[in-house]
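K.L.:
Each protein sequence line maps, in turn, to chains A and B.
The first sequence begins at 1 in the UniProt record's numbering and counts up one residue at a time.
The second sequence begins at 1 in the UniProt record's numbering and counts up one residue at a time.
Structure incoming, see below.
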Amino acid sequence: MTDQQHLQALSDIKRIMERSSRFISLSGLSGISAGISALVGAAIARNWLVDYYTRWEKTGAYNDADYASLKVHLIALGLCVMVVALCGGTFFTWRRARKNKLSIWDVTARKVLFNVAIPLAAGGAFIAGLLYNHLEPLVAPTCLVFYGLALINASKYTLPDVRYLGICETILGIVNLFFLRKGLYFWAVGFGLLHIIYGALMWWKYERKGSFQSIA
Amino acid sequence: MNPIGNLNKIFESRIRLGVMSILMVNEEVNFNDLKQMLEVTDGNLASHLNTLEENGYLKVHKGFIGRKTNTTYVITAAGEKAFKGHLAALEHMIRFTK
Numbered sequence: 001m002t003d004q005q006h007l008q009a010l011s012d013i014k015r016i017m018e019r020s021s022r023f024i025s026l027s028g029l030s031g032i033s034a035g036i037s038a039l040v041g042a043a044i045a046r047n048w049l050v051d052y053y054t055r056w057e058k059t060g061a062y063n064d065a066d067y068a069s070l071k072v073h074l075i076a077l078g079l080c081v082m083v084v085a086l087c088g089g090t091f092f093t094w095r096r097a098r099k100n101k102l103s104i105w106d107v108t109a110r111k112v113l114f115n116v117a118i119p120l121a122a123g124g125a126f127i128a129g130l131l132y133n134h135l136e137p138l139v140a141p142t143c144l145v146f147y148g149l150a151l152i153n154a155s156k157y158t159l160p161d162v163r164y165l166g167i168c169e170t171i172l173g174i175v176n177l178f179f180l181r182k183g184l185y186f187w188a189v190g191f192g193l194l195h196i197i198y199g200a201l202m203w204w205k206y207e208r209k210g211s212f213q214s215i216a
Numbered sequence: 001m002n003p004i005g006n007l008n009k010i011f012e013s014r015i016r017l018g019v020m021s022i023l024m025v026n027e028e029v030n031f032n033d034l035k036q037m038l039e040v041t042d043g044n045l046a047s048h049l050n051t052l053e054e055n056g057y058l059k060v061h062k063g064f065i066g067r068k069t070n071t072t073y074v075i076t077a078a079g080e081k082a083f084k085g086h087l088a089a090l091e092h093m094i095r096f097t098k
């Protein structure tokens, strides 16, 4: 074997180790599209909240039915935003995987999803409990903290940079606990702005033309 | 020291080297995932896995998911040692000849 072949063997080993243990197709554009969905969702939610409070001011009294309807609307909106963000995110990642001739559904993708799902499921159940106990102001910080922990947990199986996004989301959620009335703004920053910034950075680092940076 | 002597003959096959690389960074991998990652045929992969098993570099676990067989592979301590030795020899070769 020549030197060239030895070098080839070493780079093969490195590539296979990376590809078999990390899901590397995650696209920065997925982050940007998820962030935009979140910002649009937050704007709609803000309109509804403003409407609700103007009605309250006008009538001067708290209205149970009005409040219940607002709550159902907001939960439905949140779920819609999640579905739209997931679809957009999947689309850009699928596109990147296809470009690199990789499978979007392989052993690493399953690991990422499984490890995101554990803290998210716990968070979902926790939020259901909060709503049941009428602790609505705690919903936004709880979303952020559990989502951040989910990202930290899954970062072992995808781009290591996801870890930093997870840490930022978690910190933001904790800070939100001390500004409970500003939940929607924290939510918009965490799910909107941070995703857009993260996505743009990742796109610049890994996907831009002329960027040859490897993952490890 | 003769560096060529440290290169492991068993790892001369790219597929066997690939299998070992995957098992080094994953706790347990099943047959189909190996096949997908290495892009090889069933028969080809099976024969290479046999060689690695015969040399004590990996362990085979035969299990079931429902009624389907699910065979998974785990690297052994001997396999890890052999793989690391091979890597060191490769590196040494490249530096040695420079």
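C-beta atoms are modelled at their ideal positions from N, C-alpha and C, and glycine is treated no differently.
Computed from a predicted structure; not experimentally measured.
Measuring only the C-alpha atoms, how far is Asp42 (chain B) from Thr51 (chain B)?
P.N.:
Sequence index remark: in the second sequence, residue 42 (chain B) carries index 42 (1-based). Sequence index remark: in the second sequence, residue 51 (chain B) carries index 51 (1-based). Rounded to whole angstroms, Asp42 (chain B) to Thr51 (chain B) spans 15 Å at the Cα level.
K.L.:
Are Gly192 (chain A) and Ile36 (chain A) touching if we call contact CB-CB under 9 Å?
P.N.:
Here residue 192 (chain A) refers to the residue found at position 192 of the first sequence. Here residue 36 (chain A) refers to the residue found at position 36 of the first sequence. A contact, by the Cβ cut-off of 9 Å.
K.L.:
Counting beta carbon pairs with one atom in the segment 67-76 of chain A and one in the segment 119-127 of chain A, are three or more of them shorter than 8 Å?
P.N.:
No, they do not touch.
K.L.:
Less than 7 Å between C-beta atoms, sequence neighbours within five positions excluded: which residues of the same chain meet that for Arg16 (chain B)?
P.N.:
Within the second sequence, numbered from 1, the residue matching residue 16 (chain B) stands at position 16. Closer than 7 Å at the Cβ level, and outside the excluded window around Arg16 (chain B), lie Ile10, His48, Thr51, Leu52.
K.L.:
For Lys35 (chain B), would you say it is in contact with chain A, using Cβ-to-Cβ distances shorter than 9 Å as the test?
P.N.:
Here residue 35 (chain B) is taken as the residue at index 35 of the second sequence, counted from 1. Answer no: the Cβ-Cβ gap between Lys35 (chain B) and chain A never drops below 9 Å.
K.L.:
Could you name the residues of chain A that Asn26 (chain B) contacts, counting a contact when the two beta carbons are closer than 8 Å?
P.N.:
The residue given as residue 26 (chain B) occupies position 26 in the second sequence. By Cβ distance, chain A contributes Ser20, Ser21, Val107.
K.L.:
Have a look at Thr2 (chain A) and Ser21 (chain B) and give me their C-alpha separation to the nearest angstrom.
P.N.:
Here residue 2 (chain A) corresponds to residue number 2 of the first sequence, with the count starting at 1. Here residue 21 (chain B) corresponds to residue number 21 of the second sequence, with the count starting at 1. Rounded to whole angstroms, Thr2 (chain A) to Ser21 (chain B) spans 21 Å at the Cα level.
K.L.:
Determine whether the Cβ of Leu52 (chain B) lies closer than 9 Å to any Cβ atom of chain A.
P.N.:
Taking the first residue of the second sequence as position 1, residue 52 (chain B) is located at position 52. Closer than 9 Å: no.
K.L.:
Quickly, what does DSSP pair Lys205 (chain A) with across the bridge? List them, please.
P.N.:
Indexing the first sequence from 1 puts residue 205 (chain A) at position 205. Partner(s): none; Lys205 (chain A) has no beta bridge.
K.L.:
Rounded to a whole number of angstroms, what is the C-alpha to C-alpha distance between Leu34 (chain B) and Thr170 (chain A)?
P.N.:
One-based indexing of the second sequence puts residue 34 (chain B) at position 34. One-based indexing of the first sequence puts residue 170 (chain A) at position 170. Roughly 36 Å between the two C-alpha positions.
K.L.:
Give the interface partners of Leu45 (chain B) over in chain A, defined as CB-CB distance under 7 Å, in chain order.
P.N.:
For the purposes of this step, residue 45 (chain B) is taken as the residue at position 45 of the second sequence. What Leu45 (chain B) touches in chain A: nothing, since even the nearest Cβ is about 14 Å away.
K.L.:
Could you please give the first and the last residue of the uninterrupted alpha helix (DSSP H) stretch that includes Ile79 (chain B)?
P.N.:
Along the second sequence, one-based indexing puts residue 79 (chain B) at 79. Reading the sequence as shown, one finds Gly at residue 79 (chain B) and not Ile. Residues 77-96.
K.L.:
Is the beta carbon of Leu130 (chain A) closer than 9 Å to that of Thr142 (chain A)?
P.N.:
As a position in the first sequence, residue 142 (chain A) is number 142, starting the count at 1. As a position in the first sequence, residue 130 (chain A) is number 130, starting the count at 1. Against a cut-off of 9 Å, the Cβ pair of Leu130 (chain A) and Thr142 (chain A) comes out as a contact.
K.L.:
Between Ala89 (chain B) and Asn8 (chain B), is the Cβ-Cβ spacing less than 9 Å?
P.N.:
What you label residue 89 (chain B) is simply residue 89 of the second sequence in a count that begins at 1. What you label residue 8 (chain B) is simply residue 8 of the second sequence in a count that begins at 1. Their beta carbons are under 9 Å apart, which means Ala89 (chain B) touches Asn8 (chain B) by this criterion.
K.L.:
Please determine if the segment 95-107 of chain A and the segment 19-38 of chain A are in contact, where contact requires at least 3 C-beta pairs separated by less than 8 Å.
P.N.:
Yes, they touch.
K.L.:
Locate the alpha helix (DSSP H) running through Ile65 (chain B), then write down its first and last residues.
P.N.:
Residue mapping note: residue 65 (chain B) aligns to position 65 of the second sequence, counting from 1. Unbroken run through Ile65 (chain B) is the beta strand (DSSP E), 58-65; no alpha helix (DSSP H).
K.L.:
If we ignore side chains and look at the alpha-carbon of each, how far apart do Arg163 (chain A) and Lys156 (chain A) end up?
P.N.:
Mapped onto the first sequence, residue 163 (chain A) falls at position 163. Mapped onto the first sequence, residue 156 (chain A) falls at position 156. Approximately 8 Å, taken between the alpha carbons.
K.L.:
Alpha carbon to alpha carbon, how far is Asp51 (chain A) from Ala43 (chain A)?
P.N.:
Residue numbering aside, residue 51 (chain A) sits at position 51 when the first sequence is read from its first letter. Residue numbering aside, residue 43 (chain A) sits at position 43 when the first sequence is read from its first letter. Cα to Cα, the separation comes out at about 12 Å.
K.L.:
So, does the CB of Leu26 (chain A) fall closer than 9 Å to a CB anywhere in chain B?
P.N.:
Position 26 of the first sequence holds residue 26 (chain A). It does not: the Cβ of Leu26 (chain A) has no partner Cβ on chain B nearer than 9 Å.
K.L.:
Taking the beta carbon of His195 (chain A) as the centre, do at least 16 other beta carbons fall within 10 Å, making it buried, or is it exposed?
P.N.:
Looking up residue 195 (chain A) in the first sequence gives position 195. Under this definition His195 (chain A) is a buried residue.
K.L.:
Check the Cβ of Thr97 (chain B) against every Cβ in chain A and list those closer than 7 Å, keeping chain order.
P.N.:
Here residue 97 (chain B) is taken as the residue at index 97 of the second sequence, counted from 1. The contacting residues are Asp3.
K.L.:
DSSP state of Phe178 (chain A), grouped into three classes?
P.N.:
Here residue 178 (chain A) corresponds to residue number 178 of the first sequence, with the count starting at 1. Note: Phe178 (chain A) maps to coil in three-state DSSP.
K.L.:
May I ask you to list, following chain order, the residues of the segment 113-135 of chain A that have a beta carbon less than 7 Å from some beta carbon of chain B?
P.N.:
Listed in sequence order: no entries.
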